Structures are given as structure tokens and as C-alpha cells.
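Engineer: Got a structure here, written out as C-alpha cells. Questions coming.
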Amino acid sequence: MAALQIVNYPHPALRWKSKPIKSISPELVNTVRTMFDLMYEARGIGLAANQVGLPYRLFVINLTADPDETEEEFVFINPEITKRKGTTEGEEGCLSLPQLYGDVKRSEEITLEAYDLDGQLFEIALDDLAARAVQHEHDHLEGIMFPDRMVEDKRIELDAQIADFEVQFRNQQQRGEYPSDEEIRKELSQLELNLG
Ligand code: ZN
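Numbering-wise, the sequence shown is residues 42 to 237 according to this note's numbering.
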């Protein structure tokens, strides 16, 4: 497989509803390590598999964005948000929409169930930045990006920048740096089959 890289909007993987992971292979463990490395390189605090072109229900988080803070690294496999409480608005950005920021309403507190990299099911209650980051990454697994969650008046202000991302990506496809949308979707379907 080609080296993983963070893909920008409107790469079709970012609009893909990802499928559950059925087993944790050594390959998957490597993928998770690469995702952390790519996230740190881009100075992010969270990264979903969709953002590296993989249609898997998986994301990684380190709220410190510091590669030395390995105890702050969290892997969420097949996550489900089981409880939500309250609403709070705050600014978000996304490694697949670099330099774009906007206010998004999220649940203030959430409870989440997920599997870790050892295949153990865990439950965690989160608030503040952790709750926001997890909801943002969980959205990626559904093919949802943060501007989709913005109130329209505010989102319209970002439309020109979003259109620039569109132009850039189409240019990259024309230069052969990315396959066509159709070919990418075929690859994503193929990768899903690998899940068993
Ligand atoms: Zn994002």
C-alpha cells in the first residue's frame, strides 16, 4: 500500500461512512502509529482514519499534540457515543481543511464506548476539549466535516476558502497526484473488503 498521508477536502474518503474494524492486525497497529506520527507532524490533536484515506472506524487523539506525551495518546476503535449532555459552542479546525476555523455546537459532556488497540472494550466520560475532539473525530467516521455543523450564516463566510480547497484538489487530480473520485471510491470499497 502507498504511504499514508493526510488528505484534504474534498477527497472522497472524507465523505465516506466508515465500516467497523473486525480484528486488530499487526498492520492496523502500524497504521495507528503512522496516524499519530502524521497528526504530530501537522500539529493536530486528533486524526480519523478517513483523513488518511482509510474507511475504518478508528481515530486517534492526543490533546497535548506533543509526541513526547505518549501517556496522553488514545486510540478509539469502533467508537459509539452512548450518552450526551448539554450544549456548548467552540472553535474547531481540521487537518483536512488546513487554516480553516469555525464555531461548532457540540454536546458538553459525552460518554463513549470503544475498543482499544488491545481489543479491550472501554467506556469513558469526557467533557471540555476532549468531548469536542472526540465528537469532531467521530463525525469523520460518518463522512461529516465540521463546516457541516456550523450555522449557515457563519459557514457562508468560509465558502470561498472551501471552494479553494475544491480547486486545489481537482488540480492535484489533473496532475495525477490523486486518482479520480470514482477510482478512489473503488479503492475505498476494496479496503472495506479487507476488513473481512
Ligand atoms: Zn477533522
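Cβ atoms here follow ideal geometry from the backbone N, Cα and C, with glycine treated the same way.
These numbers come from a predicted model, not from an experiment.
1. Out of curiosity, what's the CA-to-CA distance linking I203 and L236?
2. Starting from D144, follow the beta strand (DSSP E) in both directions and report where the run begins and ends.
3. Beta carbon of L199: closer than 7 angstroms to some heavy atom of the ligand ZN?
4. Measuring only from the beta carbon, is L136 closer than 7 angstroms to any heavy atom that is part of the ligand ZN?
5. Answer yes or no: the CB of H179 versus the heavy atoms of the ligand ZN, is any distance below 7 angstroms?
6. Which value, in whole angstroms, describes the spacing of the CA atoms of E178 and E193?
7. Give the secondary structure of L168 by DSSP, where H, G and I count as helix, E and B as strand, and everything else as coil.
8. One question on the structure: do R196 and G127 come within less than 8 angstroms of each other, judged by their Cβ atoms?
9. Exposed or buried, V208, counting other C-beta atoms within 10 Å across all chains shown (16 or more means buried)?
10. To the nearest whole angstrom, what separates the beta carbons of W57 and P108, a pair I think is in contact under 8 angstroms?
11. Can you tell which of A54, Q176 and Q46 has its C-alpha closest to the C-alpha of E303?
12. Nearest to D200 by CA position, among L167, T111, L45 and Y50, is which residue?
13. I think L69 touches I62, with their Cβ atoms under 8 angstroms apart; what is that distance to the nearest whole Å?
14. Is the Cβ-Cβ distance between I165 and Q92 less than 8 angstroms?
15. Given this structure, state the Cα-to-Cα distance separating G85 from A106, to the nearest angstrom.
16. Does Y81 come out as helix, strand or coil in the three-state DSSP assignment?
17. Could you check how far apart the C-beta atoms of L104 and A44 are, in whole angstroms? I think they sit under 8 angstroms.
18. Using the beta-carbon count (16 or more within 10 Å), is R211 buried or exposed?
19. Would you decide whether S59 is buried or exposed? Buried here means 16 or more other CB atoms lie within 10 Å of its CB.
20. Please classify S230 as buried or exposed, where buried requires at least 16 neighbouring CB atoms within 10 angstroms.
Structural biologist: Answer, in terms of the structure:
1. 32 angstroms
2. Unbroken beta strand (DSSP E) run through D144: L138 to Y156.
3. no
4. yes
5. no
6. Their backbone Cα atoms lie some 21 angstroms apart in a straight line.
7. The question names Leu, yet the displayed sequence has Asp at residue 168. If DSSP states are grouped into helix, strand and coil, D168 belongs with the strands.
8. no
9. exposed
10. Wrong, their Cβ atoms sit about 28 angstroms apart, outside the cutoff.
11. Lying outside 42 to 237, the shown extent of the chain, residue 303 is not represented and no answer is given.
12. Of the listed residues, the one whose Cα sits closest to D200 is Y50.
13. 7 angstroms
14. no
15. 6 angstroms
16. helix
17. Not a contact, Cβ separation roughly 26 angstroms.
18. The residue is exposed, with fewer than 16 neighbouring Cβ atoms inside 10 Å.
19. S59 should be labelled buried.
20. exposed
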